[in-house]
Amino acid sequence: MAQQPALLIDDQNSQIGYSCTSFRQTGAKSSYLGTYTTTEGAGDGCNKERFNYTFFGSGIHVEAFILSPMTYSVRIDDGPFVKQAGRGSFYSPSLPDGEHSIAYALPTSGQALPLFDYIAVTPGANTPLAGKVLAVDDTDPSISYAGNWGTFLPFNATANLFPPLYRGSAHWSSTIGDSLHFQFEGSMITVYGSVSDVNAFNITTSYTLDGVTTTTGLPPDTNNADTYLILFQANVEPGLHTLVIDMLELLPSQALGIDLITYTPSFNTISEMPNAAGNSPQTTAVARPMKFLNVGSKVGIAFGVLAFVTFTVIAIFLFHKERYRIFTRPRNRKFRLYDSFEYGDRKLSFPLQPTT
1 MAQQPALLID DQNSQIGYSC TSFRQTGAKS SYLGTYTTTE GAGDGCNKER FNYTFFGSGI
61 HVEAFILSPM TYSVRIDDGP FVKQAGRGSF YSPSLPDGEH SIAYALPTSG QALPLFDYIA
121 VTPGANTPLA GKVLAVDDTD PSISYAGNWG TFLPFNATAN LFPPLYRGSA HWSSTIGDSL
181 HFQFEGSMIT VYGSVSDVNA FNITTSYTLD GVTTTTGLPP DTNNADTYLI LFQANVEPGL
241 HTLVIDMLEL LPSQALGIDL ITYTPSFNTI SEMPNAAGNS PQTTAVARPM KFLNVGSKVG
301 IAFGVLAFVT FTVIAIFLFH KERYRIFTRP RNRKFRLYDS FEYGDRKLSF PLQPTT
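This is the structure we're talking about:
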């Protein structure tokens with residue numbers, strides 16, 4: 001059973017309630033959907049509550065970041081504000097499946113403020129998914145990798161990517177021929193990633209969605225260690241689909257990282273998700289076959305072909321030898337120079353030469 005994906009809620013979602021003066025930045029690199037939300041200062045009531053959000057599920061993650069560590073506070077449901085220390089992010093413990101609320105507050109003063117990017121909710125069995133976006137992490141077992149993919153940062157990548165990768169990980173490839181396979185039931189799909197040593201050579205990758213291949217390089221103005229790069233995006237009809245990614249051109253010093261895949265689900269709840277317990281899709285998309293013969297099979301086929309060729313050559317030799325024997329054996333002198341005989345269903349006439 002595949003790992004459960006998370007619901008992504010962008011910082012500009014109208015259901016997020018901002019309690020103090022906020023500023024929204026659009027077109028920002030290294031952010032989900034290219035947006036951040038921040039505030040002008042720690043005052044204006046932000047120390048009491050910067051924003052709040054009500055959700056249905058069993059867990060929540062707030063993605064916010066700042067260059068230097070800071071303190072902030074988070075409250076779940078009717079509990080007290082609990083002080084946090086870090087770069088702005090928050091991961092809740094497991095919560096009872098159901099309706100919950102979260103409130104996020106800033107320190108009183110004297111510290112830089114985090115940029116708020118998105119919220120990720122762990123959906124419960126009956127969390128409504130209509131119109132939502134599901135995020136699948138690169139470590140999810142529903143994504144299968146072939147080749148030399150690795151989860152360690154490339155040797156020439158920034159040691160600490162900032163902003164950080166989704167859930168802190170990515171699958172990196174530096175090898176032509178590496179590929180991955182992902183199947184989903186939904187519509188809009190987006191592949192996010194990062195890149196290392198972008199200036200050396202333009203990395204080329206192919207994306208095959210339901211048998212239709214798109215070959216592309218990196219997005220324009222890509223920089224080293226950019227995160228949340230949109231590597232591929234497509235809008236398809238709701239249903240079961242298959243995506244295959246192949247690495248076509250890159251240098252050994254370069255690396256492309258697959259961070260997460262998002263899609264709009266065509267099922268209503270996570271319990272109806274294909275491959276969930278008790279559920280399986282009725283139809284499957286056609287994926288490229290990858291079948292390989294082992295050594296024993298190859299040897300067996302080789303011997304079989306050799307035996308067939310040998311048998312055919314011997315049969316042809318014996319057939320011609322018998323024909324030669326028949327037509328060169330001694331003839332009866334009493335035959336006329338021209339005679340006829342029955343051969344099959346045809347009557348043939350030809351000269352018969354008497355023997356000496």
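UniProt numbering puts the first residue of the sequence shown at 1, with every later residue one more than the last.
Beta carbons are placed, not taken as given, at the ideal position from N, Cα and C, and that holds for glycine.
Item                                                                                                         : Value
Simplified DSSP assignment, three categories, for G34                                                        : helix
Touching by the beta-carbon criterion (3+ pairs, under 8 Å), the region 138–153 and the region 74–89         : no
Segment contact, 8 Å Cβ cut-off, at least three pairs: the region 262–277 with the region 221–232            : no
Where I16 falls: helix, strand or coil (DSSP)                                                                : coil
Which of helix, strand or coil DSSP assigns to E49                                                           : coil
Where E237 falls: helix, strand or coil (DSSP)                                                               : coil
Y228 in three-state terms, based on DSSP                                                                     : coil
G131 to T269 span [Cα, whole Å]                                                                              : 11 Å
T127 burial status per 10 Å Cβ neighbour count (16 or more: buried)                                          : buried
M273 versus T242 - alpha carbon distance                                                                     : 15 Å
Same chain, Cβ closer than 7 Å to I203, five either side skipped, listed in chain order                      : V195, G217, L218, E249, L250, Q254 and L256
Q183 classed as buried or exposed, judged by whether at least 16 other C-beta atoms fall within 10 angstroms : buried
Test item: CB-CB of S101 and A64 under 8 Å                                                                   : no
Three-state secondary structure assigned by DSSP to I301                                                     : Caution is warranted here: a pLDDT of 47 is assigned to I301, below 50, making its placement in the model unreliable, and the coordinate value is therefore given only provisionally. I301 falls in the helix class under three-state DSSP.
Contact check, I119 vs L180, beta carbons under 8 Å                                                          : no
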